[in-house]
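So the protein sequences, as listed, match chains X and L.
With the numbering used here applied, the first sequence has no gaps in its numbers, which climb one by one up to 503 at the end.
With the numbering used here applied, the second sequence has no gaps in its numbers, which climb one by one up to 503 at the end.
Ideal placement from N, C-alpha and C gives every residue a C-beta, glycine not left out.
Predicted model, so just to flag it, every value in this text is computed and none were measured.
Below: the structure, in structure tokens.
2 protein chains.
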Amino acid sequence: MPRPDTLPAWQQLMAHREVVGAGRVPSSHWTPGEPGWLQVAAGPLHADLSRHRIDPRGLELLVELAEQAGVRTRLARMLRGDIVNPTEGRAALHTALRGEGPLQVDGGDLRAGIDTGIAAQARMAEAIRSGEWRLASGEAVRHVVNLGIGGSDLGPALALEALAAQADGPACHCVADLDARALHAVLAACDPAATLFVVCSKTFGTLETLANAGRARAWLRVAGLPEAQLHRHFAGVTAAPDRAAQWGVPAAQCLHFGEWVGGRYSLWSAVSLVLQVACGPQVLQGLHAGARAIDTHFAEAPAHANLPLLMGLLGVWYRNFMGAQTHAVLPYAAPLRQLPAYLQQLEMESLGKSVDLDGNAVDWDTGGVIFGAAGSHAQHAFMQLLHQGTLLLPSDIILFDDTTADEPALNANALAQAQVLAEGGRVAAAPGEHGVLPGGQPVSLIQAATLDAETLGALLACYEHKVFTQACVWHINPFDQWGVELGKQVARELQR
Amino acid sequence: MPRPDTLPAWQQLMAHREVVGAGRVPSSHWTPGEPGWLQVAAGPLHADLSRHRIDPRGLELLVELAEQAGVRTRLARMLRGDIVNPTEGRAALHTALRGEGPLQVDGGDLRAGIDTGIAAQARMAEAIRSGEWRLASGEAVRHVVNLGIGGSDLGPALALEALAAQADGPACHCVADLDARALHAVLAACDPAATLFVVCSKTFGTLETLANAGRARAWLRVAGLPEAQLHRHFAGVTAAPDRAAQWGVPAAQCLHFGEWVGGRYSLWSAVSLVLQVACGPQVLQGLHAGARAIDTHFAEAPAHANLPLLMGLLGVWYRNFMGAQTHAVLPYAAPLRQLPAYLQQLEMESLGKSVDLDGNAVDWDTGGVIFGAAGSHAQHAFMQLLHQGTLLLPSDIILFDDTTADEPALNANALAQAQVLAEGGRVAAAPGEHGVLPGGQPVSLIQAATLDAETLGALLACYEHKVFTQACVWHINPFDQWGVELGKQVARELQR
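Quick look at the structure:
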């Protein structure tokens, strides 16, 4: 695959942007498509993409760009287990974790191993939930604290809060920060005799996670629990079970995941243990089913009706042709307030690259900044800048039909923001030009019937494939993260 | 004051950026000052600003820009209570709330009224803390839920978590979201008979806050508390006490603040009630003393040693001359994890404007996007993009000396990130160019001895004056927010 700026569609888009106008442009200068265009269904999601600053010709060129960049070819390679992460020599098989049917990789069927892992996780979750898992003092588990950071924290933390309505198991928490105050704030509400720690670390060598695991062990000791039985308070989720055993998590209390699962995709692996403990076995089936529906959609839907593909292409359009450096995510659902932080990792860690797949420095912009907040909060915090600032700032507004029964104003506000961002208007009470909202801000409205495991899985998979699409166009590897290693190394040197 | 692009220093900076180079530039292309330069002390804070892409000549020009833009004149006008918010016809006197000594405004002394308010707040906080305040069933207050949104939520929520170590009063929570699930998640841990709600709303007409107050009242009713005594479960903090009384908060249970306190500055007003209930009277004295030290510093320190002024000027430099649209805030202290959200409102709502003080459309960039996370989390989430992405992305790394006693790796990581962002380096394990970190990312290191009320107050005031500096240069009003009004109006229409 060639660099994007040599592709014919890229060059045509460069010319086409002169037609549409780059940067923040008032809505009166828009030339969008027909009313009702760009309505896209994907699994349990419906997206209204009509409020984008793209005309039919621009969309055509973006779709051609995806073809010329080989998005479909690269997807096929990813799905069949090729080494799509060449700098680490690894496949990226998070889709397999939520998939079905046989998957031949390196001459063996991966499915059996995945199914075995899922079964082991289900057994462990059930043992914890049922009270079969006994702690040092003989008590059952009433509190679970997930210790992990990055992907081993953001996914479980998001899902636990998003699906709290389904929780019927032990009280589950997540702690990531190296600062001990984070752990102690959570432990203040836990009973040592009834608390299990799930240590999630791919390498079982993550500084922050092992520091917290050590503190957890000290806390159990101070509580007077018998030393010989302390190991009963720890489960491990790792790709390095030997190191877990060395630390003190017995092999029988460890779940494994493969090297081919990237940290920011690890919610699809045994890193979801804490979620399953909180919500029971159905929750993973729902999460996986939702994601699988989007995997199929992304692989099969035609380009003009392919939600993740269009999200990715619009991201490229604003980033490379319109000058946007940022993108806001605004869920109108309090339980999704951590979604922006999750997507921040997914997108910024994947796309924050400036060397392409051929090892050459890129001459084009790559990943931008993702930020956001629950919509209610955002309206009263930073939305002013989207409405009246000078930046072109695309956003995703996410809403659920069933919140209206309880509070009709929630979705009314979501829809009103979309309208005002795109169309602008005037505030009568403000003097002169100070009341003018120019509009012209692009918005995707992403809608589902209800917030459940299936819609959450679908949403996350949509963004994963959006990121994949952008990586394909930008000709970069979205699965490595070498930039984070040097800081760790320098920190160790500074401590010497 | 004239528009910035006509100022001589602006035009000289435009030429000077050709010397330094705009956008992301590797650290080897830097031309910074002498080692040890730009070390700034401000109240309890110390800042190391040596890792900025500015040379001595550029700094000189920025300081001249501040003079030519009249930052000092505008500050003097703000401090003495002039109408510095002309579109709303209001003064902006948050500095007076934390100030000392007489303040003549409109022929009267404001100080007496402020002192009376502070005393009333102290009495109310003490009544709640001591058990003197009795709820409907005769019980004392054991839980307090602050209901507010935007400034009436972000400040109290941040301060409650930041200063949790000092909390010795009732358990205090904050709820803002219009989605009822946010409130019910908090109420699940509260006893209705022992729960007081603090309704914070400047207008006492905020949709989200009144919806939650209504739900709170319904929850108390369902718990069977006597209807005639339900009002005892509500305190009000407002500039519209009549409307509070109409809703059902008796005048004696209301604290007031003036129209001249903007929402995003309201932590300095009675909106801090919930913090004082949690932590006692000393906490406000510390918060105010820290902010006051910075107010004095900002008004008096010479430009080259003036922290908020330099932060604001560097913000202008990166935004208008270097092409940066974003700025990251990275506290290496778990209790400050909500600081980025607080600053997001402060900066984006204040500076998201495209009409200048003369009512003309701006021809220059104004406010950018603020985002961030606790440093530990950020390293494992989005820092990859700062290290290896294509964006110029300045950041503030905030750290506290005393965390090292407990966990030396925390500050070692903070310092390592600063070094690697600025200087770059190479990851040996990565193939070829994929291991190169180009460096060249600007970083402010902001340090204090410990995280307490005083340092928190100083930090927040620093950012307030940073924002003020940028607003002065950009010739915009940082105290209004007309852009947020239209969405509310359209939402009401959509519900009809």
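Using a threshold of 8 Å, state whether the C-beta atoms of L:Glu461 and L:Ala252 are closer than that.
no
Is the Cβ of X:Ile156 closer than 8 Å to any Cβ of chain L?
yes
Got a sec? Which residues, its chain only, sit under 7 Å from L:Pro347 by beta carbon, not counting five neighbours each side?
Answer for L:Pro347: Val336, Ile377, Phe378, Gly379 and Ala380, listed in chain order.
Could you tell me which residues DSSP pairs with L:Gly431 in its beta bridges?
None; L:Gly431 has no bridge partner.
Report the option in X:Gln426, X:Arg60, X:Ser402 and X:Arg499 whose CA atom is closest to the CA atom of L:Gln424.
X:Arg499
Within the same chain, show all residues whose beta-carbon is closer than 7 Å to that of X:Ala164, passing over the 5 residues directly before and after it, in chain order.
Taken in chain order, the residues that qualify are Cys181 and Gln345.
Using the C-alpha atoms, what's the distance from L:Glu168 back to L:Ala174?
Cα to Cα, L:Ala174 sits roughly 9 Å from L:Glu168.
Identity of the residue in X:Arg10, X:Leu422 and X:Gln496 nearest L:Gln386 by Cα:
Checking every option, the nearest Cα to that of L:Gln386 belongs to X:Gln496.
Compare the C-beta of X:Met355 against all C-beta atoms of chain L and say whether one is closer than 8 Å.
Yes, because at least one Cβ of chain L sits closer than 8 Å to the Cβ of X:Met355.
Look at the Cβ atom of X:Ser451, then the Cβ atom of X:Leu52, and state whether they are nearer than 8 Å.
no
Can you find the residues in the same chain that come closer than 7 Å, C-beta to C-beta, to L:Ala310, ignoring five residues on each side of it along the sequence?
Val70, Ala73 and Leu316
Within 7 Å of chain X by C-beta, residues of the stretch 376-390 of chain L in sequence order
Val376, Phe378, Ala380, Ala381, Ser383, His384, Gln386, His387, Ala388, Phe389 and Met390
Return the bridge partner residues of L:Thr216 from the DSSP annotation.
For L:Thr216, which the question treats as bridged, DSSP gives no partner whatsoever.
CB L:His263 to CB L:Ala242, shorter than 8 Å?
no
Only counting the same chain, and skipping five residues up and downstream in sequence, which positions put a Cβ closer than 6 Å to that of X:Gly322?
Gln477
Could you check whether the Cβ of L:Asp487 sits closer than 8 Å to any Cβ belonging to chain X?
yes
Evaluate L:His36 with the Cβ neighbour count: other Cβ atoms within 10 Å of its Cβ, from every protein chain shown; 16 or more gives buried, anything less gives exposed.
Exposure of L:His36 is indicated by the presence of fewer than 16 other C-beta atoms within 10 angstroms of its C-beta.
7 Å Cβ shell around L:Gly293 - same chain, five flanking residues per side excluded
Asp459, Ala460, Glu461 and Gly464
Cβ neighbours of X:Glu146 in the same chain (closer than 7 Å, five flanking residues each side left out)
By the criterion of a C-beta distance shorter than 7 Å, X:Glu146 is surrounded in its chain by Ala200 and Ala201, once the five residues flanking it on both sides are discounted.
X:Pro15 (DSSP reduced to helix, strand or coil)
helix
X:Phe475, DSSP secondary structure in three states:
Of the three classes helix, strand and coil, the one that applies to X:Phe475 here is helix, per DSSP.
Between the C-alpha atoms of L:Asp409 and L:Ala341, what's the straight-line distance to the nearest angstrom?
13 Å
Which word fits L:Asn484, buried or exposed, when buried means at least 16 other C-beta atoms lie within 10 angstroms of its C-beta?
buried
Just checking, does the stretch 427-439 of chain L make contact with the stretch 265-273 of chain L on the three C-beta pairs under 8 Å criterion?
Flag = no, the stretch 427-439 of chain L and the stretch 265-273 of chain L do not touch.
Helix, strand or coil for L:Asp122 per DSSP?
helix
What's the gap between the Cα of X:Ser279 and the Cα of L:Ser208?
Straight-line Cα distance between these residues: approximately 40 Å.
Give the straight-line distance between the Cα atoms of X:Leu232 and X:Asp198, rounded to the nearest whole angstrom.
11 Å
Ordered list of alpha helix (DSSP H) runs contained in the stretch 350-426 of chain X, each at least 4 residues:
If only uninterrupted alpha helix (DSSP H) runs of at least 4 residues are considered, those enclosed by the stretch 350-426 of chain X are 382-386, 390-395 and 410-413.
Bridge partners of X:Cys207, per DSSP?
X:Val244
Just to make sure I have the definition right: I need the residues of chain L whose C-beta is within less than 9 Å of the C-beta of X:Leu422. Which are they?
Val497, Ala498 and Leu501
To the nearest angstrom, how far is the alpha carbon of L:Gly226 from that of L:Gly255?
Per the sequence shown, the amino acid found at residue 226 of chain L is Trp instead of Gly. Roughly 16 Å separates the two Cα atoms.
Whose C-beta lies closer than 6 Å to the C-beta of L:Val91 among residues of the same chain, with five residues either side of it excluded?
Excluding sequence positions up to five before and after L:Val91, its CB lies within less than 6 Å of the CB of Arg84, Met85 and Ala99, all in the same chain and listed in chain order.
Just to check my reading of the structure: X:His101 and X:Trp275 have Cβ atoms closer than 8 Å, yes? What is that Cβ distance to the nearest angstrom?
5 Å
Just to make sure I have the definition right: I need the residues of chain X whose C-beta is within less than 9 Å of the C-beta of L:Ala192. Which are they?
Glu168, Ala171, Ala341 and Pro342
Between which two residues does the alpha helix (DSSP H) holding X:Ser159 run?
Gly158 to Ala169
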